[in-house]
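*Asks:* Numbering (full-length UniProt numbering), first residue to last: 1 to 373.
This structure is in structure tokens; I'll ask about it shortly.
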């Protein structure tokens, strides 16, 4: 199977309107093959699709000579189910200032034949799958552990919050293979995770925490491209409920997702290269519709790689072990609205995406169409 980095690679395809009229901007189009492996059932995984968009955005910023190469925020609407096959990412510049670049980013596929990007028959319709808005900037470097955090006029920092996961990843015994990964995640052989004790919310939220390691050779500390996958792969609220409150096998399609990037990449060599930590919370579930907040943490070690050093175990006055403040780093926080639907709906969406151009995602009113140019 392709690893996540390989599956996310986009290729510059063409520039639409390279010499636009005054007041208009060109559209940069990137091609990508959506992997059948990085999917949930028959539908591409939402976090993986954001990795694809991230890759295109970073290439766009490089190709256009921008000084902004660090995604700071992305807000995303998932309009229809994306399936394996060819797709195009379209990027349009909204504005560029000294500090921020704003980009509108869309992912399109041809239906019912996603193996094509052209109108090979009259039945083919170009379908908008995802619409996103990016804020890109040059993020400041993170202060080294233990260094005084700079403050001053116009400068506000608060970087002291400890990692909410209570077990050092290097201490975890992985000889049992880790915690079970749902088989509906078709990429389950490309990762392993271990559910661990985490901070219990005091406001009645449902909470879950785990260390997750990619096993295909990806370097999670190298680029920000892979952060969205982790931000969307944590356990959903309905899965955190007591067994007697859970329903049958379910699919949790993400309807909208916002992601804040909290760290500049690449990370320093002190961080693990294959492992990130996940801490997810849900405040409410109503008729299956639920919120989900996911924190993504850089890890001090890969799963089971080494025992925590004595220095890392030292506790501060508040009882927090040093590694939780100095050895782990918050790299992203996502918030999303998702649904809980029977797994059969997932399979039906996959079939619909390859049989009609008007497949509607749960809660969608149908995707707008425009001609292929």
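Quick reminder that beta carbons are idealized off the backbone N, C-alpha and C, glycines included.
What are the uninterrupted segments assigned as beta strand (DSSP E) that are 3 or more residues long and contained completely in the segment 279–367, given in chain order?
*Replies:* DSSP runs (the beta strand (DSSP E)) wholly in the segment 279–367: 289–298 and 329–338.
*Asks:* In whole angstroms, what is the alpha-carbon distance linking residue 21 and residue 45?
*Replies:* Sequence index remark: in the chain shown, residue 21 carries index 21 (1-based). Sequence index remark: in the chain shown, residue 45 carries index 45 (1-based). Distance between the alpha carbons of residue 21 and residue 45 is about 38 Å.
*Asks:* Using beta-carbon positions only, say whether residue 307 and residue 170 come within less than 9 Å of one another.
*Replies:* Taking the chain shown and counting its residues from 1, the one referred to as residue 307 is at position 307. Taking the chain shown and counting its residues from 1, the one referred to as residue 170 is at position 170. It is a contact, given that the beta carbons lie within the stated cut-off.
*Asks:* With a threshold of 16 other CB atoms inside 10 Å of the CB of residue 286, please say whether the residue is buried or exposed.
*Replies:* Here the question's residue 286 lines up with position 286 in the chain shown. That one is exposed.
*Asks:* Taking the C-alpha atoms as reference points, what is the distance between residue 289 and residue 105?
*Replies:* Position 289 of the chain shown, counting from 1, holds the residue named residue 289. Position 105 of the chain shown, counting from 1, holds the residue named residue 105. Roughly 26 Å separates the two Cα atoms.
*Asks:* So for residue 72, helix, strand or coil by DSSP?
*Replies:* Here the question's residue 72 lines up with position 72 in the chain shown. DSSP places residue 72 in strand when its eight states are reduced to three.
*Asks:* Can you tell which of 137, 92, 272 and 261 has its C-alpha closest to the C-alpha of residue 168?
*Replies:* As a first step, residue 168 must be located in the chain shown, where it is residue number 168. The candidate whose alpha carbon is nearest that of residue 168 is 272.
*Asks:* When DSSP builds the beta bridges, which residues end up paired with residue 133?
*Replies:* In the chain shown, counting from the first residue as 1, residue 133 sits at position 133. DSSP output for residue 133 lists 75 and 104 as bridge partner(s).
*Asks:* Three or more C-beta pairs under 8 Å: does that hold for the segment 324–342 against the segment 296–304?
*Replies:* Because the criterion of three Cβ pairs below 8 Å is met, the segment 324–342 and the segment 296–304 touch.
*Asks:* Using CA coordinates, which residue listed in 297, 12 and 71 is at the minimum distance from residue 258?
*Replies:* As a first step, residue 258 is located in the chain shown; it is residue number 258 there, counting from the start. Checking every option, the nearest Cα to that of residue 258 belongs to 71.
*Asks:* Buried or exposed for residue 232, please, with buried defined as at least 16 other CB atoms from any protein chain shown within 10 angstroms of its CB.
*Replies:* Along the chain shown, read from residue 1 onward, the residue named residue 232 stands at position 232. Flag for residue 232 reads buried.
*Asks:* Take the Cβ of residue 24 as the centre, count every other Cβ of all protein chains shown within 10 Å, and call the residue buried at 16 or more, exposed below.
*Replies:* Position 24 of the chain shown, counting from 1, holds the residue named residue 24. Exposed, because fewer than 16 other Cβ atoms sit within 10 Å of the Cβ of residue 24.
*Asks:* Can at least three beta-carbon pairs, one atom from the segment 50–62 and one from the segment 5–19, be found at a separation below 8 Å?
*Replies:* Judged by Cβ distances under 8 Å, the segment 50–62 makes contact with the segment 5–19, as three or more pairs qualify.
*Asks:* In the DSSP assignment, what residue or residues form a beta bridge with residue 191?
*Replies:* For the purposes of this step, residue 191 is identified with residue 191 of the chain shown, where counting begins at 1. Paired residues: 214.
*Asks:* For residue 321, collect the residues of the same chain with a Cβ closer than 6 Å to its Cβ; drop the 5 residues on either side in sequence, then sort them by chain order.
*Replies:* Here residue 321 refers to the residue found at position 321 when the chain shown is read from its first residue. Closer than 6 Å at Cβ, skipping near neighbours: 313 and 315.
*Asks:* In angstroms, rounded to a whole number, what distance separates the CA positions of residue 201 and residue 207?
*Replies:* Against the chain shown, residue 201 aligns to sequence position 201. Against the chain shown, residue 207 aligns to sequence position 207. When rounded, the distance between both Cα atoms is 7 Å.
*Asks:* Specify, as a first and last residue, the run of the alpha helix (DSSP H) that residue 48 falls within.
*Replies:* Numbered from its first residue, the chain shown carries residue 48 at position 48. Where residue 48 is concerned, the enclosing alpha helix (DSSP H) stretches over 46–63.
*Asks:* Note down the Cα distance separating residue 30 from residue 59, rounded to an integer number of angstroms.
*Replies:* Working through the chain shown from its first residue, we reach residue 30 at position 30. Working through the chain shown from its first residue, we reach residue 59 at position 59. Computed Cα separation, rounded: 9 Å.
*Asks:* Using three-state DSSP, classify residue 255 as helix, strand or coil.
*Replies:* For the purposes of this step, residue 255 is identified with residue 255 of the chain shown, where counting begins at 1. Three-state DSSP puts residue 255 in a strand.
*Asks:* If residue 221 sits next to residue 342, beta carbons under 8 Å apart, how far is it from one beta carbon to the other, in whole angstroms?
*Replies:* In the chain shown, counting from the first residue as 1, residue 221 sits at position 221. In the chain shown, counting from the first residue as 1, residue 342 sits at position 342. 38 Å between Cβ atoms; not a contact.
*Asks:* When burial is assigned at 16 or more other CB atoms within 10 Å of the CB, is residue 256 buried or exposed?
*Replies:* What you label residue 256 is simply residue 256 of the chain shown in a count that begins at 1. It is exposed - the Cβ of residue 256 has fewer than 16 other Cβ atoms within 10 Å.
*Asks:* Alpha carbon to alpha carbon, how far is residue 235 from residue 19?
*Replies:* For the purposes of this step, residue 235 is taken as residue 235 along the chain shown, with counting starting at 1. For the purposes of this step, residue 19 is taken as residue 19 along the chain shown, with counting starting at 1. If I take the Cα positions, the gap works out to 47 Å.
*Asks:* With burial defined as no fewer than 16 other Cβ atoms inside 10 Å of the residue's Cβ, what is the status of residue 244: buried or exposed?
*Replies:* Residue numbering aside, residue 244 sits at position 244 when the chain shown is read from its first letter. So residue 244 ends up on the exposed side.
*Asks:* Report all residues from its chain with a CB closer than 8 Å to the CB of residue 82; omit the five preceding and five following residues, and keep chain order.
*Replies:* On the chain shown, residue 82 is found 82 positions in, with the first residue counted as 1. 34, 43, 44, 49, 107, 109, 129, 130 and 353, listed in sequence order.
*Asks:* Sorted by chain position, which residues of the same chain lie with C-beta nearer than 6 Å to residue 305's C-beta, five sequence neighbours on each side aside?
*Replies:* The residue given as residue 305 occupies position 305 in the chain shown. Once the five neighbours on either side are set aside, the close Cβ partners of residue 305 are 170.
*Asks:* Note the first and the last residue of the continuous alpha helix (DSSP H) segment covering residue 5.
*Replies:* As a first step, residue 5 must be located in the chain shown, where it is residue number 5. Counting along the chain, the alpha helix (DSSP H) containing residue 5 begins and ends at 4–7.
*Asks:* Could you spell out the range, first to last residue, of the alpha helix (DSSP H) harbouring residue 89?
*Replies:* Taking the first residue of the chain shown as position 1, residue 89 is located at position 89. Taken as a continuous stretch (DSSP letters only), residue 89 belongs to no alpha helix (DSSP H), being part of the beta strand (DSSP E) at 85–96.
*Asks:* Out of 141, 191, 198 and 332, which has the shortest C-alpha to C-alpha gap to residue 3?
*Replies:* As a working mapping, residue 3 is identified with position 3 in the chain shown. Comparing Cα positions, the closest option is 191.
*Asks:* Would you mind giving the Cβ-Cβ distance between residue 294 and residue 280, rounded to the nearest angstrom? I have them listed as a contact below 8 Å.
*Replies:* By one-based count along the chain shown, residue 294 stands at place 294. By one-based count along the chain shown, residue 280 stands at place 280. Between residue 280 and residue 294 the Cβ distance is about 5 Å, and since that is below 8 Å, they are a contact.
*Asks:* Given this structure, state the Cα-to-Cα distance separating residue 374 from residue 136, to the nearest angstrom.
*Replies:* Residue coverage of the chain in this structure runs from 1 to 373, which leaves residue 374 outside it and unanswerable.
*Asks:* The alpha helix (DSSP H) spanning residue 140 covers which residue range?
*Replies:* Reading the chain shown from its first residue, position 140 is the one you call residue 140. Element bounds for residue 140: n/a, residue is neither H nor E.
*Asks:* If I measure Cβ to Cβ from residue 181 and keep anything under 8 Å in the same chain, skipping five residues before and after, which residues do I get?
*Replies:* Walking along the chain shown from the start, residue 181 turns up at place 181. Contacts found: 188, 191, 192 and 193.
*Asks:* Spell out the partners DSSP gives residue 22 in its beta bridges.
*Replies:* As a first step, residue 22 must be located in the chain shown, where it is residue number 22. Residue 22 pairs with nothing; no bridge assigned.
*Asks:* Given a threshold of 16 other Cβ atoms within 10 Å of its Cβ, counted over all protein chains shown, does residue 310 qualify as buried or as exposed?
*Replies:* For this step, residue 310 is matched to residue 310 along the chain shown. Label assigned to residue 310: exposed.
*Asks:* Is residue 230 helix, strand or coil by DSSP?
*Replies:* Taking the first residue of the chain shown as position 1, residue 230 is located at position 230. Helix, per DSSP.
*Asks:* Nearest by alpha-carbon distance to residue 196: which of 218, 39 and 173 is it?
*Replies:* Within the chain shown, numbered from 1, the residue matching residue 196 stands at position 196. Per the Cα distances, 173.
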